[in-house]
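**Q** Dropping a structure here in structure tokens format, bear with me for questions.
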Amino acid sequence: MATSATSNFRKNDDLWFSPEVIILRAQNHVFRIFVSILRAKSSVFADMFSFPSPPTSEVETIDGIQVVDLHDDPEELGAFLKAIFDADFFLPPPTKTTTKLQDIIGILRMAHKYDVAFLRRRALEHLDLLYPIHLPGFEAFEGWDSVDHLLYSSEKDRHLIVIKAAVEVGATWLLPAAYYYLCASTDIREIMTDGSSWNDIGDPQKMACITGYTALLQYSPKMWQSLMTPSDEDICRDTAECDARRLELASALVSLGSIRHALGMLDPAWWASARQMFCLLCYSDTEHQYSLTKQEFWEELPSLFGLPAWSDLEIARISALNEATNHSAT
Numbered sequence: 001m002a003t004s005a006t007s008n009f010r011k012n013d014d015l016w017f018s019p020e021v022i023i024l025r026a027q028n029h030v031f032r033i034f035v036s037i038l039r040a041k042s043s044v045f046a047d048m049f050s051f052p053s054p055p056t057s058e059v060e061t062i063d064g065i066q067v068v069d070l071h072d073d074p075e076e077l078g079a080f081l082k083a084i085f086d087a088d089f090f091l092p093p094p095t096k097t098t099t100k101l102q103d104i105i106g107i108l109r110m111a112h113k114y115d116v117a118f119l120r121r122r123a124l125e126h127l128d129l130l131y132p133i134h135l136p137g138f139e140a141f142e143g144w145d146s147v148d149h150l151l152y153s154s155e156k157d158r159h160l161i162v163i164k165a166a167v168e169v170g171a172t173w174l175l176p177a178a179y180y181y182l183c184a185s186t187d188i189r190e191i192m193t194d195g196s197s198w199n200d201i202g203d204p205q206k207m208a209c210i211t212g213y214t215a216l217l218q219y220s221p222k223m224w225q226s227l228m229t230p231s232d233e234d235i236c237r238d239t240a241e242c243d244a245r246r247l248e249l250a251s252a253l254v255s256l257g258s259i260r261h262a263l264g265m266l267d268p269a270w271w272a273s274a275r276q277m278f279c280l281l282c283y284s285d286t287e288h289q290y291s292l293t294k295q296e297f298w299e300e301l302p303s304l305f306g307l308p309a310w311s312d313l314e315i316a317r318i319s320a321l322n323e324a325t326n327h328s329a330t
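For what it's worth, the UniProt record's numbering labels the leading residue of the sequence shown as 1, then goes sequentially.
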């Protein structure tokens, strides 16, 4: 017959979990979880479970276990709970495994709502790679390689959903890149087409999309102008040839019509061909002028959408991430 011999051992209170379980229900999805672990990770659930249970006769049960109803999206709640109970499910970035964008968004929203700081920080770190605050990170465009965003039927929906979540959790530093991606990739008439994604964002965000879209149209000519500066006779080896090439380039850019993707007008393949179009000195000067104009545009980007300067957004970002770190350490 087995006997209890706990008197010879010292109990570690941090790792001495109760076997108590509870069933969380969101719509028609149910999740059977350990109360003690969820309480340890979430102050909101800790407070919730601290209240006295109602009389047994008034409690709904499944298999004899109390059911608690939550008014959350079941897919988001499921991803959130799995991230808490399965350490391998939602790893910090960068990761070699593919992470679903809907899981990142769902975990962020649920972690914010239920005060699970380490998951909130982790989700924000994933989104930082997708919507960076520094131009080199934006140009690298590396974050999307490890993210599965196929659930969303269009690029428009993807960015609108991120905008909604960023506003909800106060991650304002994600908004400039998110607005830019949205307006650069999609015609304003399509952006404003009635649909759940557009309807789900608030009026201030809708106004930011419209005014920012117009501002992008006005800024593209500045990018073109940086490429059209006539050759300097003091450095150019063949001004007639290089200026002729610039006219060809101007015609090509005009034929593209209204361009909103100011940061993506010229890809690396174009610069490789431009090296053959101009003399070396003109090529270097053109690339330099374009880089300066692009950096200037990046610095102004938040203001195009009515947002604070990058420096202020960076402070907000650091504060939010540090708060999550300090909260997790307590």
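For glycine and all other residues, C-beta sits at the position ideal for the given N, C-alpha and C. These numbers come from a predicted model, not from an experiment.
Count the other C-beta atoms from every protein chain shown that fall within 10 angstroms of the C-beta of E76, then say buried if there are 16 or more, exposed otherwise.
**A** buried
**Q** I believe I62 touches I23 by the beta-carbon criterion, under 8 Å. Please report the beta-carbon distance rounded to the nearest angstrom.
**A** 5 Å
**Q** Please list, in chain order, all residues of the same chain as D277 whose beta carbon is under 7 Å from its beta carbon, the five residues on each side excluded.
**A** A small correction: the amino acid at residue 277 is Met; Asp does not occupy that position in the sequence shown. The answer, listed in chain order, is R245.
**Q** Consult DSSP for T56 and reduce its assignment to one of helix, strand or coil.
**A** helix
**Q** Do the region 274–293 and the region 134–145 meet, that is, are 3 or more Cβ pairs less than 8 Å apart?
**A** no
**Q** Once the 5 residues before and after F45 are set aside, which same chain residues still bring their CB inside 7 Å of it?
**A** L38, R39 and Y114
**Q** Which residues in the same chain have their Cβ closer than 7 Å to the Cβ of I107, if we skip the five residues on either side of it in sequence?
**A** A79, F80, A83, F90, L119 and A123
**Q** Could you spell out the range, first to last residue, of the alpha helix (DSSP H) harbouring I161?
**A** E155 to V169
**Q** With a Cβ-Cβ cutoff of 8 Å, do I104 and H126 count as a contact?
**A** yes
**Q** Here's a check: name, in chain order, each residue in its chain whose Cβ is nearer than 6 Å to the Cβ of K41, leaving out the five neighbours to either side.
**A** I84 and V116
**Q** Taking only beta-carbon positions, decide if N28 is within less than 8 Å of chain C.
**A** Note that chain C does not occur in the displayed structure, where there is just one protein chain.
**Q** Leaving out the 5 sequence neighbours to the left and right, which residues in its chain are closer than 6 Å to A215 when beta-carbon positions are compared?
**A** Excluding the 5 residues flanking it on each side, A215 has same chain C-beta neighbours closer than 6 Å at L304, in chain order.
**Q** Alpha carbon to alpha carbon, how far is N322 from S185? Give it in angstroms, no decimals.
**A** 33 Å
**Q** How close, in whole Å, do the beta carbons of A178 and Y131 come, if the pair is a contact with beta carbons under 8 Å?
**A** 5 Å
**Q** Among the candidates W224, I163, N199 and V68, whose CA atom is the shortest distance from the CA of L263?
**A** W224
**Q** Which term fits R280, buried or exposed, when burial requires 16 or more other beta carbons within 10 angstroms of its beta carbon?
**A** In the sequence on display, residue 280 carries Leu and not Arg. Its Cβ having fewer than 16 others within 10 Å, L280 is exposed.
**Q** If you follow the beta strand (DSSP E) that H29 is part of, which residue opens it and which one closes it?
**A** H29 to F34
**Q** Quickly, what does DSSP pair R25 with across the bridge? List them, please.
**A** V30 and D69
**Q** Quick one: what's got a C-beta closer than 6 Å to G202's C-beta in the same chain, skipping five residues either side?
**A** none
**Q** For V147, write down the residues that DSSP places opposite it in a beta bridge.
**A** Listed as beta-bridge partners of V147 by DSSP are T99.
**Q** Within its chain, find whatever has a CB closer than 7 Å to the CB of S18; leave out the 5 residues flanking it on each side and keep chain order.
**A** In its chain, beyond the 5 residues on either side, V35 and S36 have a beta carbon closer than 7 Å to the beta carbon of S18.
**Q** Are the CB atoms of L182 and A156 within a distance shorter than 8 Å?
**A** For clarity, residue 156 is Lys in the given sequence; the question names Ala instead. Against a cut-off of 8 Å, the Cβ pair of L182 and K156 comes out as a contact.
**Q** Since W298 is in the alpha helix (DSSP H), which residue starts that stretch and which ends it?
**A** L280 to L304
**Q** Go through the region 205–278 residue by residue and report every complete run of the alpha helix (DSSP H) that reaches 4 residues or more, in order.
**A** 239–255 and 268–277
**Q** Just curious, the alpha helix (DSSP H) that I188 is in, first and last residue?
**A** I188 to I191
**Q** Does I62 come out as helix, strand or coil in the three-state DSSP assignment?
**A** Here DSSP, grouped into helix, strand and coil, assigns I62 to strand.
**Q** Work out the CA separation of Q27 and S53 for me, nearest whole Å.
**A** 22 Å
**Q** Could you check the C-alpha separation between A316 and E241 for me, to the nearest Å?
**A** When rounded, the separation of the alpha-carbon atoms in A316 and E241 is 50 Å.
**Q** For P55, which option in I235, D47 and Q66 has the closest C-alpha, if you only look at C-alpha atoms?
**A** Q66
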